[in-house]
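Have a look at the structure below before the remarks.
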Amino acid sequence: MTQIIIIHSICLLRGKIYDAMDNRPLATSSYKEALKLDVYCFEAFDLLTSHHMLTAQEEKDFLDSLPLSQQCTEEEEELLHFLFENKLKKYNKPSDLVVPEMANGLQDNLDVVVSLAERHYYNCDFKMCYKLTSMVMVKDPFHANCLPVHIGTLVELGKANELFYLSHKLVDLYPNNPVSWFAVGCYYLMVGHKNEHARRYLSKATTLERTYGPAWIAYGHSFAVESEHDQAMAAYFTAAQLMKGCHLPMLYIGLEYGLTNNSKLAERFFSQALSIAPEDPFVIHEVAVVAFQNGDWKTAERLFLDAMEKIKAIGNEVTVDKWEPLLNNLGHVCRKLKKYDQALEYHRQALVLIPQHASTYSAIGYVHSLMGDFESAIDYFHTALGLKRDDTFSVTMLGHCIEMYIGDTDAYIGRIQLCCTDLNDKVRGSLNTPALMKMLNTSEAGDLLATPRLEETSITSLETPLSNQDKMMLETPLRLSLTLECDMYESDVMLDTLSDTST
């Protein structure tokens, strides 16, 4: 037994040496060897998971291959499996944490609560995550595993004052810990217009610990918000090299390529991210966006609906505003496939998540214009311009819809004239008084005298020979001409992307 302990300690030490030398494959195999020799060697398992050396599937397969039954009792095996499972990746797909009956006493354990908070964070339920992490921070203000999740939650919820206080406290107490400078960098990244300061402190965090993945990703975000795509991708590439088992750097590299209109490379990186995390709705959504840009509407719709199903796996409805772009994009795809009623339904669901969003209003107005409902379209475009005055698409489409609406009202004017004639006949039939009959006849004569010129001019204009182009314009149905003209402006509608800034 003593010999096994010595051997597994040597394997662990060898793994740490390889890790310091940036030789990740050999470090990974050494940590695996240490764990197989002694399943209680939690340090090796922690290093494997915290440094993202394995993908989610590889972690699961490795956990199943551990000789737990040979080295543990039956009760210990179930408990150890649960504790190891808590450390596995939680952001490859939305899921819930189930605590086995045997571990009921551990429900208030801080590590288990942090694991549950991480689940909520990656499910985009930031309020619940904040509630749990705040509870942990009260009991243990410097819980190592809780701090990155708590910092990320504060950024998502926009709690700048709380993050400022926490980062100052961390820098005072732990100046040599990378998470302290990571907190400071996140604060400057959140407040806006301080990206240079954010980069300075995030760079310090990566200097203290080169393998600290969250700092590299946040460092890339600081360039991405300024549309500095090359520098952002350089940071994400470094993160990808250090975090082989994490799909987020690949996802962000693909996003940057997508923003530079390089859809081929974007698709390649999204495919790599999808191979690491095949059930992550964020990645599926971005693959669908590429399919949309390539004009493959059916594939885009299938992928968007697949992402929606993955989100609904943890709840019956989509209630998190993070998924508003997904609903809007489903609306855009349905519009392309001529499913106008479904498109309106998806856009209205998006409005429930984020009510005051100009692009959603303009999208609804556009669908109404394609359906020929110009009055509703004009209302929605007015609302969109009220929220965003410099929306070029809404301005162009509003002018277009008003022109079409004015052209469409001629038919109603004709009906009004017809109604007036019918009313005149009814009045004449019901009134038998000679004086009134005389008055009606005089008014009719006056009308007839007043209108000959109009009739003459209209007759002459009708007799004028029409050019072929004019004939085609007269014969084209109103709805068809609208669709043709609307398609001219459709390039202005940009598809939303989930440019997620979480770390």
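Position 373, counted from 1, in the sequence shown is what UniProt numbering calls 373; the numbers after and before it change by one each time, with no gaps. A virtual CB, placed ideally from N, CA and C, is assigned to each residue, including glycine.
{"Asked": "Taking the beta carbon of N23 as the centre, do at least 16 other beta carbons fall within 10 Å, making it buried, or is it exposed?", "Found": "exposed"}
{"Asked": "Compare the Cα-Cα distances from Q107 to each of L83, D125 and L88 and report the closest residue.", "Found": "L83"}
{"Asked": "Which term fits L274, buried or exposed, when burial requires 16 or more other beta carbons within 10 angstroms of its beta carbon?", "Found": "buried"}
{"Asked": "Assuming N86 and V112 make a contact with CB atoms under 8 Å, what is their CB distance in whole Å?", "Found": "6 Å"}
{"Asked": "For P5, which residues of its own chain have a beta-carbon under 8 Å away from its beta-carbon, when the five flanking residues on both sides are left out?", "Found": "The sequence as given places Ile at residue 5; Pro does not occur at that position. D38."}
{"Asked": "Between the C-alpha atoms of R14 and M53, what's the straight-line distance to the nearest angstrom?", "Found": "16 Å"}
{"Asked": "Would you call the segment 148-158 and the segment 175-186 in contact, with 3 or more CB pairs under 8 Å?", "Found": "yes"}
{"Asked": "If distances are taken between C-alpha atoms only, which option among W323, Y380, D373 and V136 comes closest to V352?", "Found": "W323"}
{"Asked": "Identify the continuous alpha helix (DSSP H) that holds V333 and give its terminal residues.", "Found": "E324 to K336"}
{"Asked": "Inspect the beta-carbon positions of S222 and R199 and report whether they are closer than 8 Å.", "Found": "yes"}
{"Asked": "Spatial neighbours of T383 within its chain, please: C-beta separation below 6 Å, excluding the five flanking residues on both sides.", "Found": "Y361"}
{"Asked": "Let me confirm a value: P141 is counted as buried when at least 16 other C-beta atoms fall within 10 Å, else exposed. Which label applies?", "Found": "exposed"}
{"Asked": "Would the segment 254-270 and the segment 47-64 be scored as touching if the rule is three or more Cβ pairs under 8 Å?", "Found": "no"}
{"Asked": "Who are the near neighbours of K204 in its chain, counting only those whose CB is closer than 6 Å to its CB and skipping five residues on each side?", "Found": "W181"}
{"Asked": "Are G158 and M137 closer than 8 Å when you measure CB to CB?", "Found": "no"}
{"Asked": "For L248, which residues of its own chain have a beta-carbon under 7 Å away from its beta-carbon, when the five flanking residues on both sides are left out?", "Found": "I217"}
{"Asked": "So V333 and A358 are supposed to be a Cβ contact under 8 Å. How far apart are they, rounded?", "Found": "Actually they are not in contact, since the Cβ atoms of V333 and A358 sit about 20 Å apart, beyond 8 Å."}
{"Asked": "Please classify G220: is it buried, with 16 or more other beta-carbons within 10 angstroms of its beta-carbon, or exposed?", "Found": "buried"}
{"Asked": "Out of N294, T133, D379 and N195, point me to the one whose CA is closest to S227's CA.", "Found": "N195"}
{"Asked": "Using 10 angstroms around the beta-carbon of L173, count the other beta-carbons present and answer buried if the total reaches 16, otherwise exposed.", "Found": "exposed"}
{"Asked": "Have a look at R389 and T238 and give me their C-alpha separation to the nearest angstrom.", "Found": "40 Å"}
{"Asked": "Which full runs of the alpha helix (DSSP H) of 4+ residues lie inside the segment 151-183, going along the chain?", "Found": "160-173"}
{"Asked": "Report all residues from its chain with a CB closer than 8 Å to the CB of V114; omit the five preceding and five following residues, and keep chain order.", "Found": "L132, T133, V136, H143, N145, C146 and V149"}
{"Asked": "Which runs of the alpha helix (DSSP H), 4 residues or longer, sit entirely within the segment 242-317?", "Found": "248-259, 263-276, 281-293 and 297-312"}
{"Asked": "Using beta-carbon positions only, say whether I276 and D306 come within less than 8 Å of one another.", "Found": "no"}
{"Asked": "If contacts are defined as beta-carbon pairs under 8 Å, then L208 and N176 qualify, I think. What distance do you get, rounded to the angstrom?", "Found": "6 Å"}
{"Asked": "Under DSSP, the alpha helix (DSSP H) around N145 begins and ends at which residues?", "Found": "That residue, N145, is in no alpha helix (DSSP H); it is neither H nor E in DSSP."}
{"Asked": "When you compare only the Cα positions, how much space is there between A234 and A224?", "Found": "11 Å"}
{"Asked": "Does DSSP put R199 in a helix, a strand or coil?", "Found": "helix"}
{"Asked": "What are the start and end residues of the alpha helix (DSSP H) that includes H357?", "Found": "First-last for H357: undefined, no H or E at that position."}
{"Asked": "Please report the straight-line C-alpha distance between I253 and C246, rounded to a whole angstrom.", "Found": "13 Å"}
{"Asked": "In terms of residues, what are the limits of the alpha helix (DSSP H) holding E226?", "Found": "Segment: none, E226 is in no alpha helix (DSSP H) and carries neither H nor E."}
{"Asked": "For S458, which three-state DSSP category applies?", "Found": "Confidence at S458 is low in this model, with a pLDDT of 33, below 50, so its placement is unreliable and the value that follows should be read with caution. Of the three classes helix, strand and coil, the one that applies to S458 here is helix, per DSSP."}
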